[in-house]
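First up is the structure itself, then whatever we jot down about it.
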Amino acid sequence: MKYRDLLKGYKTLQSKVESISKELEESKIREKLLYEENLKLKQEKRMLKKKLEDVNSYKIDDKYTDDIIRLINLKL
Numbered sequence: 088m089k090y091r092d093l094l095k096g097y098k099t100l101q102s103k104v105e106s107i108s109k110e111l112e113e114s115k116i117r118e119k120l121l122y123e124e125n126l127k128l129k130q131e132k133r134m135l136k137k138k139l140e141d142v143n144s145y146k147i148d149d150k151y152t153d154d155i156i157r158l159i160n161l162k163l
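Whatever position you read off the sequence shown (first residue = 1), add 87 for our numbering.
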């Protein structure tokens, strides 16, 4: 083999390594962004679940029921 052939092969391999390294770095960045988005969505899901539980646990006190019915009837 000639020196030129070796140099050409080395440069080809070097460019492939750089390309793969760049792709790996971009992949890590995408993975990090997806992970952060996933955390945000999980947090939002927990908040919505808590709000739903709060709404489902809300009960009207019986002493106000008659007043509420009267107000509704007045509106009708």
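Virtual Cβ for every residue (Gly too), placed ideally from N, Cα, C.
- It is roughly 24 Å from the alpha-carbon of Arg157 to the alpha-carbon of Val142.
- Look at the stretch 104-131 and you find no whole run of alpha helix (DSSP H) that is 4 residues long or longer.
- In the three-state DSSP reduction, Lys137 falls in the helix class (H, G or I).
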